[in-house]
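Colleague: Protein chains in written order, with our numbering: chain A, 1 to 293; chain B, 294 to 586.
Built from N, CA and C at the ideal position, the CB exists for glycine as well.
Computed from a predicted structure; not experimentally measured.
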């Protein structure tokens, strides 16, 4: 039984869709009110939202590892904020969590369409995703298992995932993608209501997902500055196959660098926030996973 | 006779196209070398480039008014930088300027395509634009005469304009638009070479331009926060006509606000950096102007 759901926005202060969806629901809470559970909303990094920046000191959505949450010596803006938010929406790993399900709202400058980033293995999480895929066939699922310790916002609750929608520039609200994200949340709340009521959901028995394999960095010089950009023929090709020999980067010397690996799918192609993290795109493998009914 | 041209990038630190074009040319200066004049390049706001922010204290591209340049009491990061850059590339209003022509490279999150923003009235400036329009028929010209005192970067030289290319998210290099911007610069250098040599240029005798009329702000609440976004049917419609009754904004209460003015063209629709400046788009009138041969 899901008793409490948190919809979180503004984990990154320059991703306005989540910020303004939360503001919308704080003004009109009946839109997200359901009979069998409570829905709360939270603006996560209010200082970063005010400054329209991703973060103040470091990425809040990498700050919820158990080790960092337990480390009292960490006192950056986001380290302190993560502890505060974990107290409110966690506590992470607790047997009596404050919130059962977290959905964290993001946008990306990559052409990711409507997508989910999931690390959680819980059956409820995956049934929710299966329901959303049934209701929104354009939705795609990216499974991230790249870190030793999951430090995402949604990791502090027993169930949850992030929604990533793009292409949206930082600091911009695009009405079309705002409305699609909003619709996805209403489907999620419907799912939880039905799951709580024991409704027959007729979920798909298996799902197509994109499983994280590896991050690909830009070619860089000795100072770490990029020496090439995503090739014009790879730009916007998120969730699309890349084969050996396909154009990958285009250098400042007008040379094309080709892809030399096994066939994979490219995701988060040319996401603005990942230049500093050291990757130009993600490579993923398409798989089918079973959904338990 | 044009003796010195400056190509400036990174006036806004999160507009990477200009930054990396300048870096490209600093590595390969022969690409912009021509026989009859000198071409220099300048990274304008290096601290903002490092932080991938538009500016540190305030907008550098609004900091070149003569009054501000003469005011010794102004000591913000950009006020000091503007004085320094005016010493290097100006001096503004001088009879013996250091640079004859400035082209300042920008990107926008709006769907502006390949466009020029011009305030300068000089014949050379307009002949250059006419040549570029001849070489790149998709190029559009936006004339800005909105300020009492022109405070743009290009205002410190006798001739010049800004190039605005979009849609590009902040902090992103898009190879397709990078290459189009680069090509435009080569055309500009070719023009100057030909003009200096007295070549017959066969310029168009008149040009279609979009003349600035007025800025349109978002609906805002008492705290100045936006209460609506650009309507999904107006998004991406830069240089396109808006008529009375056309959808303009979509509110957080799901209401459509329609346009209630005379037919105009919308420009800079939903540019990220203009949320804080207080406008959602520009309205312009399409005109034809004569080019002197």
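Any contact between the region 452-470 of chain B and the region 389-407 of chain B? By contact I mean 3 or more CB pairs, one from each, below 8 Å.
Modeller: yes
Colleague: When the Cα of residue 420 of chain B is compared with those of B:383, B:493, B:471 and B:538, which residue comes out closest?
Modeller: B:493
Colleague: Would residue 178 of chain A pass as an interface residue toward chain B - the criterion being a Cβ-Cβ separation below 8 Å?
Modeller: yes
Colleague: I need the straight-line Cα distance from residue 360 of chain B to residue 337 of chain B, nearest angstrom please.
Modeller: 20 Å
Colleague: Might you give, ordered along the chain, the residues of its own chain that have their beta carbon closer than 7 Å to the beta carbon of residue 197 of chain A, omitting 5 neighbours on each side?
Modeller: Once the five neighbours on either side are set aside, the close Cβ partners of residue 197 of chain A are 36.
Colleague: Return the Cβ separation of residue 282 of chain A and residue 215 of chain A in integer angstroms, given the expectation that the two are a contact with Cβ distance under 8 Å.
Modeller: Indeed they touch by this definition, with Cβ atoms about 6 Å apart.
Colleague: Mind reading off the beta-carbon distance from residue 257 of chain A to residue 249 of chain A? Whole number of angstroms is fine, and I expect it under 8 Å.
Modeller: 4 Å
Colleague: Can you tell which of B:555, B:488 and B:339 has its C-alpha closest to the C-alpha of residue 375 of chain B?
Modeller: B:339
Colleague: Which stretch, first to last residue, makes up the beta strand (DSSP E) that contains residue 312 of chain B?
Modeller: From DSSP, residue 312 of chain B is part of no beta strand (DSSP E) but of the alpha helix (DSSP H) over 309-320.
Colleague: Quick check on DSSP: helix, strand or coil for residue 510 of chain B?
Modeller: Residue 510 of chain B: coil per DSSP, three-state reduction.
Colleague: Tell me the DSSP secondary structure of residue 139 of chain A in three-state form.
Modeller: coil
Colleague: Hey, quick one: how far does the beta strand (DSSP E) through residue 9 of chain A stretch, first residue to last?
Modeller: 4-9
Colleague: Report the rounded CA-to-CA distance for residue 312 of chain B versus residue 387 of chain B, giving the unit in angstroms.
Modeller: 27 Å
Colleague: Helix, strand or coil for residue 46 of chain A? Go by DSSP, reduced to three states.
Modeller: helix
Colleague: Quick one: Cα of residue 521 of chain B to Cα of residue 6 of chain A, how far?
Modeller: 24 Å
Colleague: Using Cβ-Cβ distances below 7 Å, what residues of the region 214-242 of chain A are close to chain B?
Modeller: If the cut-off is 7 Å between Cβ atoms, the region 214-242 of chain A has 229, 230, 231, 232 and 235 near chain B.
Colleague: Does any residue of chain C have a CB that is nearer than 8 Å to the CB of residue 48 of chain A?
Modeller: No chain C is present in this structure, whose protein chains are A and B.
Colleague: Any C-beta of chain B within less than 7 Å: which residues of the region 270-281 of chain A qualify?
Modeller: Listed by position along the chain: 270, 272 and 275.
Colleague: What does the Cβ neighbour count give for residue 351 of chain B, buried or exposed, with the cut at 16 atoms within 10 Å?
Modeller: exposed
Colleague: Give the range of the alpha helix (DSSP H) segment to which residue 399 of chain B is assigned.
Modeller: Note, residue 399 of chain B: premise wrong, no alpha helix (DSSP H); beta strand (DSSP E) at 394-400.
Colleague: Can you tell me whether DSSP reads residue 380 of chain B as helix, strand or coil?
Modeller: helix
Colleague: Count the other C-beta atoms from every protein chain shown that fall within 10 angstroms of the C-beta of residue 221 of chain A, then say buried if there are 16 or more, exposed otherwise.
Modeller: exposed
Colleague: Nearest chain A C-beta to residue 402 of chain B closer than 8 Å, yes or no?
Modeller: yes
Colleague: With distances taken Cα to Cα, identify the nearest neighbour of residue 277 of chain B among B:364, B:472 and B:504.
Modeller: Outside the shown range of chain B (294 to 586) lies residue 277 of chain B, about which nothing can therefore be said.
Colleague: Just the chain B side, please: which residues come within less than 7 Å of residue 252 of chain A by C-beta, in chain order?
Modeller: Within 7 Å of the CB of residue 252 of chain A, the CB atoms of chain B belong to 313, 316, 317 and 320, in sequence order along the chain.
Colleague: By alpha-carbon positions, which one of A:16, A:122 and A:142 ends up nearest to residue 286 of chain A?
Modeller: A:142
Colleague: Hey, would you say residue 13 of chain A sits closer than 8 Å to residue 55 of chain A, going by beta carbons?
Modeller: yes
Colleague: Does residue 466 of chain B come within less than 8 Å of chain A when only Cβ atoms are used?
Modeller: Yes, because at least one Cβ of chain A sits closer than 8 Å to the Cβ of residue 466 of chain B.
Colleague: Roughly how many angstroms separate the alpha carbons of residue 245 of chain A and residue 158 of chain A, rounded to a whole number?
Modeller: 43 Å
Colleague: Spell out whether any CB of chain A is found under 8 Å from the CB atom of residue 463 of chain B.
Modeller: With 8 Å as the cut-off, residue 463 of chain B counts as an interface residue toward chain A.
Colleague: Return the CA-CA distance between residue 553 of chain B and residue 3 of chain A, expressed in angstroms with no decimal places.
Modeller: 47 Å
Colleague: Are three or more beta carbon pairs between the region 354-373 of chain B and the region 310-325 of chain B nearer than 8 Å?
Modeller: no
Colleague: How many angstroms separate the CA atom of residue 174 of chain A from the CA atom of residue 545 of chain B?
Modeller: 13 Å
Colleague: Do you know whose CA, among A:271, A:208, A:226 and A:207, lies nearest residue 238 of chain A's CA?
Modeller: A:271
Colleague: By Cβ distance, which residues of its chain are closer than 7 Å to residue 138 of chain A, with the 5 residues on each side in sequence left out?
Modeller: 113 and 114
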